[in-house]
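Chemist: One structure follows; several queries about it will come next.
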Amino acid sequence: MSLNNQRIKWLILIIPTLTIGLWEYVRHAFLLPYISMDLGNFLAPFIVLTVTLTLVRSLFIKLEHSHEALELEKSTSAALEERESLARELHDGISQSLFLLAVKLDQLDGLTEEGPVRQLSEGLRETVRVMNDDVRQAIANLRLPPSPEAAAWVVPLRELLGETAAVTEAKAQFTWTISDKSLTDKEKVELHACLREVLMNVRKHAKASHVYVIGESDDQGGFRCAVEDNGIGFTGNPLQSPGRFGLRMVKDRATRMGWSFSIERKGDRTVVEWIKQGGQAQ
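For what it's worth, UniProt numbering labels the leading residue of the sequence shown as 1, then goes sequentially.
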């Protein structure tokens, strides 16, 4: 990438010089009988400006994109290094301490006869085992590349689904593959608000035993986001039902963002979804 940037920088420096040199050659070799010296001198800066606004400007844009990609790569690399460092600290600190505690509990078992102390020791050993499994899982997760579901702004969405499932005693499933960097800050805010309102509607009215939140991206920069539940559904147009202001607000938000919005019954599920077409700018 650095070699490509060097070429772009050299082209940005050379193109204006080559342009004025080529203009002077053509003017003296072919156009001198038709264009006076004063007119030629007058046209020269405009010709250089035209070339700069076309070729050189496009090179500047490529250089900016290259710098942005490089900064993103550096940021990702730094984040991965930080995650690896944290994983090492967990392994060398907490994980080793838990192992040592398990050894001490084994020694305590050898010195203790059956009774309350032995039972307490066995309970502590089980707690240590569970904690050790959790720490090992955390270390493994830290050493994996971050997934779309782990993005900071996505975590509250998963927690919101969990709260909805807890209140309604429903089973929840969260599937999210929309890349964090594919969304603008405004899109994240609007998606969060829409999902929150729809999940609140499920909590109040659906009486569902299963609730799903789905976020899927496409290859053109668009996405499909949906909340599905197997609740009691609706009759008529829910957007026209009295008291359903929340759904109308969600539809208005989606419309303002240029997303399509729909709510319909598909089989035994109520599906609320909004879609951004690929290539659609925000």
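By construction, the Cβ of each residue, glycine as well, lies at the ideal position given by its N, Cα and C atoms.
1) Since G40 is in the alpha helix (DSSP H), which residue starts that stretch and which ends it?
2) Can you have a look at D185 and say buried or exposed, based on whether 16 or more other CB atoms are within 10 angstroms of its CB?
3) Measuring CB to CB, does I47 end up less than 7 Å from W10?
4) Could you tell me whether the segment 112-126 touches the segment 153-169, where touching means 3 or more Cβ pairs closer than 8 Å?
5) Does DSSP put W176 in a helix, a strand or coil?
6) For D229, I'd like the list of residues in its chain whose CB is within less than 8 Å of its CB, leaving aside the five on either flank, ordered along the chain.
7) On a CA-only basis, which of T50, L247, R27, N5 is nearest P16? Give me that one, please.
8) Check for me: the alpha helix (DSSP H) holding T168 runs from which residue to which?
9) When burial is assigned at 16 or more other CB atoms within 10 Å of the CB, is K266 buried or exposed?
10) Please state the DSSP three-state secondary structure of W259.
11) Between L100 and Q277, what straight-line distance do the alpha-carbon atoms span, to the nearest angstrom?
12) Taking the alpha-carbon positions, what's the E126 to K104 distance?
13) Counting beta carbon pairs with one atom in the segment 244-257 and one in the segment 187-195, are three or more of them shorter than 8 Å?
14) If you draw a straight line from the C-alpha of Q107 to the C-alpha of E114, how long is it?
15) Considering only the alpha carbon of each residue, which of P33, F30, I20, K74 lies closest to N41?
16) Between the Cα of A172 and those of K181, I214, R224, spot the shortest distance and give me the residue it belongs to.
17) Can you tell me where the alpha helix (DSSP H) with R196 in it begins and where it stops?
18) Is S58 near the ligand COA, going by C-beta to nearest heavy atom under 6 Å?
19) For T255 and Q6, I'd like the C-alpha separation in whole angstroms.
20) Can you tell me whether K207 is helix, strand or coil according to DSSP?
Modeler: Based on what the coordinates show:
1) 37-51
2) exposed
3) no
4) no
5) strand
6) A170, V202, A206, A208, H210, V211, Y212, R269, T270
7) T50
8) 155-168
9) exposed
10) coil
11) 55 Å
12) 13 Å
13) yes
14) 14 Å
15) I20
16) I214
17) 185-201
18) As presented, the structure is devoid of all ligands, the ligand COA included, so that no description of it is given.
19) 45 Å
20) coil
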